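To keep things clear, I will list the structure first and then write my remarks on it.
There are 2 protein chains.
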Amino acid sequence: GACDSSPKKQTLGHTSILFDEATIAQVDEAMSWPLFEQSVAEAKSFVEEQMALGIQVPVPKDLAGGYTHERHKLNYLSMQQAGKLFIITGEEKYAQYVKDLLMAYAELYPSLDRHPSRKSYSPGKFFWQCLNDANWLVYTSQAYDCIYDWMSEEERNIVESKLLRPQADFLSIETPQFFNRIHNHSTWANAGVGMLGLVIGDTLLVHRSLYGLEDDGLDTETTDNDGARIKNQERAGFLAQLDLLFSPDGFYAEGPYYQRYAIYPFVVFAASLQNAKPDQKIFEYRDGILGKAVYALVNLTDEEGEFFPINDAQKGMSYYSRELISAVNIAYHFAGQNPELLSIAQKQNTVLLDAAGMHVAKDIEAGMSQPFAHKSMELTDGTDGNSGGLGILRMKGETGSLSAVLKYTAQGMGHGHFDKLSLSVYQEGAEVLQDYGVARFVNIEQKDGGGYLSENQTFAKQTIAHNALVVNRQSHYTGSTELGSQYHSDRFFFDAGNEDIKIVSAKDAHAYEGIGQQRTIALIQDELFEKPILIDVLSVASESKNHYDLPYYYFGQLLSTTWENKIAETLRPLGESDGYQHLWMEAQGTASAGNSKITWMDRNQFYTLSTLSLEGDQMTLARTGANDPKFNLRRDPMVMISREDASTSFVSILEPHGSYSTVSELSQGASSQVQGLKILFESEEYIAIEWQHISGQTYRLAIAKSNNGQEESHQIKIENKLWDWKGSYSYIKI
Amino acid sequence: GACDSSPKKQTLGHTSILFDEATIAQVDEAMSWPLFEQSVAEAKSFVEEQMALGIQVPVPKDLAGGYTHERHKLNYLSMQQAGKLFIITGEEKYAQYVKDLLMAYAELYPSLDRHPSRKSYSPGKFFWQCLNDANWLVYTSQAYDCIYDWMSEEERNIVESKLLRPQADFLSIETPQFFNRIHNHSTWANAGVGMLGLVIGDTLLVHRSLYGLEDDGLDTETTDNDGARIKNQERAGFLAQLDLLFSPDGFYAEGPYYQRYAIYPFVVFAASLQNAKPDQKIFEYRDGILGKAVYALVNLTDEEGEFFPINDAQKGMSYYSRELISAVNIAYHFAGQNPELLSIAQKQNTVLLDAAGMHVAKDIEAGMSQPFAHKSMELTDGTDGNSGGLGILRMKGETGSLSAVLKYTAQGMGHGHFDKLSLSVYQEGAEVLQDYGVARFVNIEQKDGGGYLSENQTFAKQTIAHNALVVNRQSHYTGSTELGSQYHSDRFFFDAGNEDIKIVSAKDAHAYEGIGQQRTIALIQDELFEKPILIDVLSVASESKNHYDLPYYYFGQLLSTTWENKIAETLRPLGESDGYQHLWMEAQGTASAGNSKITWMDRNQFYTLSTLSLEGDQMTLARTGANDPKFNLRRDPMVMISREDASTSFVSILEPHGSYSTVSELSQGASSQVQGLKILFESEEYIAIEWQHISGQTYRLAIAKSNNGQEESHQIKIENKLWDWKGSYSYIKI
Ligand SMILES: [Ca+2]
Ligand SMILES: [Ca+2]
Ligand SMILES: [Ca+2]
Ligand SMILES: [Mg+2]
Ligand SMILES: [Mg+2]
Ligand SMILES: [Mg+2]
Ligand SMILES: [Mg+2]
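So the sequence lines, in the order shown, correspond to chains F and S. Reminder that position 93 of the first sequence reads as 96 in this note's numbering, one-by-one numbering, no gaps. Reminder that position 45 of the second sequence reads as 48 in this note's numbering, one-by-one numbering, no gaps.
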């Protein structure tokens with residue numbers, strides 16, 4: 004390195020994965036774009052705080068949350084930022100810091116065996132699992148790219164021969180069960196190996212990353228820590244991940260929480276390829292799948308940008324995460340400059356310190372940002388888009404919005420839940436009917452080192468943990484991921500094209516043997532109701548009598564029920580397996596035939612669930628937390644409708660209403676305005692329901708059960724009058 | 004009234020309680036002060052929305068939350084605002100609206116008996132209780148004042164003879180048990196009667212309001228709905244309320260929630276007196292007690308302005324309430340122009356439409372506002388300030404603040420809780436160790452008409468519902484309000500004069516017969532701890548062996564305990580009475596001698612309670628909600644230390660630490676840094692404790708138990724070294 008005291012621009016002596024000469028020439032101007040300038044300042048503050056702590060490369064020992072784990076993680080994060088700061092500012096202290104860390108790692112590395120904790124199917128060197136070691140290589144390759152030209156050839160030889168190449172081989176050749184899968188973990192390994200290959204100009208490493216190991220010797224029966232098969236495909240490598248992990252809509256089988264995690268190596272390796280190997284045209288691959296994946300991801304959020312917590316997902320993860328900052332910046336720069344992405348970047352309030360980030364900061368400064376509008380949409384699941392999907396309905400009312408998510412996807416691999424046709428409901432950024440999410444406290448050492456808790460398997464994955472129908476107190480597919488992976492639910496119809504009704508209907512035929520289910524969810528707005536309401540029609544077909552449980556997990560304070568509750572004087576679990584063992588039975592009552600209602604209050608608002616009861620329906624109030632010796636579960640309430648029957652339908656309306664203020668103590672609209680909910684007609688072809696507003700206004704909804712053709716004509720007779728329509732449903736006011 | 008089409012200024016033809024000519028002359032200029040202009044616009048929007056609904060004066064029928072109740076309430080609120088708008092804008096439609104309502108009331112009134120619901124000891128005419136009828140008169144007198152000169156003499160005769168005078172007599176002469184008490188309810192009646200008297204120039208009504216009814220014929224044994232005595236003093240009327248309801252510091256015996264409610268008739272009647280009868284010098288009365296009461300109230304809040312929920316208090320009530328807007332405006336205008344009140348008015352974002360509100364808006368516009376800083380302070384309780392008090396400690400650390408409230412007041416009349424020496428803890432606006440508050444959902448009809456729920460008596464008032472020591476599983480004073488009203492706890496010392504330690508110590512000798520308690524709470528900040536910590540030393544003196552329970556009600560997710568928990572396989576209540584019947588026993592364990600710790604996470608932050616255990620201490624994890632057939636209680640967790648002993652001390656440290664992000668998934672500082680907590684020395688005169696930071700730094704705190712003189716010298720010997728100090732405590736680092 005040069006010893007000039009004045010900082011100066013770098014010139015690139017190698018093919019960089021992050022920068023080109025044009026980008027570097029723009030740096031001075033870029034410092035006048037507020038978001039870029041501020042992002043540089045934040046990076047400086049972070050890196051300088053880390054530099055002040057000195058070079059710490061401890062012998063690996065701890066699990067997540069422990070010192071050595073967190074230190075190695077901070078090391079790769081700060082090396083990456085320091086590298087970029089060196090290019091942008093020309094200040095050698097940053098290059099020196101990266102080099103000192105790399106040298107310390109190079110000295111330690113040869114002495115390391117795999118991590119002493121053997122909890123993973125693939126233990127790493129610096130971390131308990133190779134996954135984190137692959138994270139390290141993805142970030143460290145970027146840092147190395149930045150100081151490559153500044154280092155001497157001897158220094159590069161040491162770092163490459165004693166640290167980087169051995170680590171790339173370790174993560175691939177030496178750990179094929181980690182490298183050669185179709186799985187988000189392997190994407191990280193592919194990206195790390197490929198990015199290093201691009202930086203050092205090793206085409207063999209790049210080829211290995213794109214196409215996988217040719218001969219991995221993997222046994223087809225081995226499973227990982229999640230119980231999933233290692234060898235699930237003949238193909239491997241980055242291109243195979245792009246082909247097989249996403250649906251044509253960019254939906255990722257494990258769901259948005261893992262898609263958020265998975266997206267980073269996809270976009271950062273793709274950006275590296277585009278910079279260093281543009282003839283690969285990676286952003287055009289599979290009809291632009293990378294841009295679609297980012298677009299799917301930002302749409303899989305509530306109005307606060309928090310991901311729908313389907314499958315194993317920790318709540319609170321959002322598009323504010325580091326990975327989404329990269330994904331939004333890179334998708335904007337390399338995949339179509341959608342101006343709505345700029346408004347997300349504004350909320351993120353930071354950009355990447357590279358060409359993509361500069362582009363975003365520049366266009367925001369130029370006033371090109373458009374508000375991001377969450378839209379109703381269906382995202383198909385499966386490599387070919389034929390494995391069901393996720394239906395997202397959104398309706399903006401005058402006093403707030405209502406969103407519903409109906410899940411009719413495939414199983415979602417090892418992190419999938421047994422949640423076919425489950426429903427979750429949101430108002431703006433808040434959960435109204437929740438999906439429990441994962442039973443895990445990521446990186447919180449007190450909770451089993453931050454890993455998956457046993458209650459994730461015994462409760463959170465089970466069907467009863469979801470707003471989904473449970474038959475004979477058993478989870479879908481008898482709780483077998485392997486069985487579940489053979490099937491999926493299917494969209495029946497989806498229509499978000501009208502202002503007053505948005506509707507999705509899906510079917511499942513495999514979750515329970517011999518039982519067919521159809522669930523239709525509609526959001527409806529009408530001037531008589533101050534807020535949109537949700538209609539839930541779940542029809543089940545069975546030749547024999549079964550026990551049905553349909554839970555709704557709400558939040559807040561129960562205000563009233565129309566049925567009489569007998570409260571439990573001692574609390575007992577609801578059952579012994581399939582998640583029932585984790586629910587305390589708080590109260591039970593028997594519904595009369597007609598409309599049963601439960602009203603609760605949450606966030607200073609009222610909610611009523613009105614349901615059509617048959618004589619003898621059991622209504623249960625329960626709460627999570629039984630058989631939970633380590634207090635790993637939250638204590639959340641639910642109400643459950645139970646019925647013994649063969650074929651039957653569950654028809655309910657969820658109605659947000661009114662408001663309360665703890666300051667004025669005024670309560671407004673505290674009572675439900677729905678009445679007269681009933682089934683007008685039901686056959687194997689149709690179900691038609693009716694309800695009223697208390698003013699007497701009557702509403703009707705007919706749903707096709709067997710023919711979903713959009714051009715099909717239907718007719719049924721109600722009270723001797725003909726009701727005919729075209730398409731899969733009809734909504735009318737009479 | 005005149006029929007000019009152009010609005011014009013009003014001139015006052017009578018002595019107004021709200022306006023004078025100078026204020027009216029200022030109206031045009033006032034419309035240029037943003038806060039005043041905006042407040043006028045809001046009032047217009049509210050009143051015009053109500054006017055659009057037409058004149059509705061229904062025959063009274065419903066309880067709180069029901070139509071007729073809410074309608075009569077909206078009527079008086081909109082009449083008051085419409086009256087003021089008439090004066091300010093000169094638009095006759097507002098005067099006409101008030102007159103139409105008054106005429107409709109005058110037509111209905113003669114036919115009304117007391118309200119058909121007979122749930123109150125004093126049923127009203129328009130509402131189920133006279134209290135709401137008195138509210139009506141306080142607001143309606145203001146409306147009438149505004150249109151008095153605009154109405155014809157015949158119209159005034161109708162309204163006064165058929166409505167207002169009969170209502171004033173109804174609330175006083177005809178209901179002496181309501182009018183002639185020393186109680187916040189009676190203050191409303193005093194104010195309503197007195198304000199009407201001032202408007203119509205009836206000195207007899209004014210005299211009645213200031214001095215009460217001379218001969219009320221009340222029986223000394225009668226009680227109200229809360230079980231409190233009606234006839235509790237020889238004196239009555241507004242001046243007696245000022246003398247007897249507040250301590251010299253302006254603390255109101257029932258606590259801030261009721262003080263907030265009570266303050267409105269105090270300040271609005273006082274402002275009326277000052278305007279119409281300035282020779283009364285009401286704001287100078289009792290050394291300026293009205294200003295002190297407002298100042299006490301704004302200090303009895305967390306950093307979001309929410310009142311500490313001691314006694315019967317619904318959480319979420321704050322200085323944003325309508326009553327506090329009036330109190331802050333009137334206290335600013337009439338009682339000293341404290342510029343910190345302006346910053347609260349800015350947060351309230353609205354002002355009164357009168358001289359007080361104009362003054363506030365004007366001075367804010369002139370840039371005179373100063374930030375309101377919550378301070379540590381003691382507020383004495385009792386008419387003469389000799390009945391204990393409330394100690395409020397506040398400490399601002401670098402990464403957040405910690406506040407503690409130690410309650411050593413008198414009982415607080417019918418709304419008092421059995422909570423001697425109870426503790427509550429806040430961080431900024433959030434509860435860390437909560438006071439449960441009231442078991443009531445004010446104005447929510449589903450919850451018993453919005454009234455007090457039976458669980459308020461059976462749980463929320465009981466000692467076990469508080470962070471307070473329970474002896475032999477019985478509440479203080481055997482749960483008798485009458486017995487409790489004879490005693491109070493006492494401050495032992497209070498010192499908020501240092502930067503590194505703020506401390507309060509109080510004693511109780513009557514809550515349990517033959518048992519003495521001293522509780523000392525200290526907030527301490529030290530550079531080794533990132534946030535302030537709280538020390539809790541509770542010494543109990545008894546000649547015989549007792550069962551002690553010391554609960555701490557926390558919020559959030561339990562992470563770990565150092566003792567082994569045996570979880571309950573079926574949940575049973577903790578006991579059968581005194582509130583224990585409402586707690587589910589979730590888990591129990593036995594502590595070993597030494598330090599026991601429990602760590603939880605709430606709002607993305609960690610908390611550890613470290614306590615000094617004796618061999619055999621029982622640790623219980625419990626949760627509210629048992630024996631709660633209507634789901635009237637929240638489901639909140641607590642941890643409880645239980646010990647069988649005679650004289651003993653409970654020594655604990657509450658330590659907020661670290662942080663967690665669900666977005667970055669980084670956890671920082673997740674482990675407690677307190678160790679080695681122990682009692683160094685204990686005698687009848689002193690207790691001295693020690694603890695360490697994990698780095699080894701040692702801290703010591705000695706507390707005097709029998710002599711609290713500030714100039715007293717003390718010495719004890721620890722490990723053969725002399726420790727001497729002056730004053731009631733000593734805090735040292737060694
Ligand atoms: Ca298919
Ligand atoms: Ca949210
Ligand atoms: Ca608060
Ligand atoms: Mg996994
Ligand atoms: Mg789930
Ligand atoms: Mg009362
Ligand atoms: Mg209390």
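Don't be surprised by glycine CBs; every beta carbon is placed ideally from N, CA and C. Since we're looking at a predicted model, the values are computed, not measured.
Best match in the options for proximity to residue i [C-alpha to C-alpha]
i, options, result
"S:T651", "S:K633, S:V642, S:Q520, S:Y734", "S:Q520"
"F:S709", "F:D511, F:I285, F:T627, F:G370", "F:D511"
"S:A649", "S:V50, S:N549, S:I721", "S:N549"
"S:V202", "S:S175, S:D384, S:L276, S:A358", "S:L276"
"F:P342", "F:K365, F:Q349, F:M371", "F:M371"
"S:L561", "S:P535, S:A596, S:F444, S:V642", "S:V642"
"S:A707", "S:E722, S:T701, S:I690", "S:I690"
"S:V331", "S:A296, S:F310, S:M320", "S:A296"
For residue i, the three-state DSSP class (helix, strand or coil)
i, result
"S:S346", "helix"
"F:G4", "Caution applies to F:G4, whose pLDDT of 37 falls short of 50 and renders its modelled position unreliable; the value that the coordinates give is listed next. Residue state, collapsed to three classes: coil."
"F:F241", "helix"
"F:P37", "helix"
"F:S9", "Any reading at F:S9 needs caution, since the residue's pLDDT is 44, under 50, leaving its predicted position unreliable; the model's value is listed next. It is coil, neither helix nor strand."
"F:K534", "coil"
"S:A265", "helix"
"S:M371", "coil"
"S:S329", "helix"
Endpoints, the beta strand (DSSP E) within which residue i is located
i, result
"S:R522", "519-527"
"S:R626", "621-627"
"S:I203", "That residue, S:I203, is in no beta strand (DSSP E); its alpha helix (DSSP H) goes 187-203."
"F:P126", "Per DSSP, F:P126 belongs to no beta strand (DSSP E) and is neither H nor E."
"S:Y322", "Element bounds for S:Y322: n/a, residue is neither H nor E."
"F:R703", "701-707"
heavy atom of ligand 7 below 6 Å from residue i C-beta
i, result
"F:D136", "no"
"S:D529", "no"
"S:D581", "no"
"S:D438", "yes"
heavy atom of ligand 5 below 6 Å from residue i C-beta
i, result
"S:D605", "no"
"F:D422", "yes"
Range covered by the alpha helix (DSSP H) that runs through residue i
i, result
"S:S81", "70-92"
"S:H210", "206-214"
"S:N549", "S:N549 -> not in any alpha helix (DSSP H); beta strand (DSSP E) instead, spanning 549-556."
Counting only runs of 4+ residues fully inside the region 562-638 of chain F, write out the alpha helix (DSSP H) ranges in chain order.
none
Ordered list of alpha helix (DSSP H) runs contained in the region 268-317 of chain F, each at least 4 residues:
288-302
Please go through the region 432-519 of chain S and give each complete alpha helix (DSSP H) segment of 4 or more residues, from N-terminal end onward.
484-487
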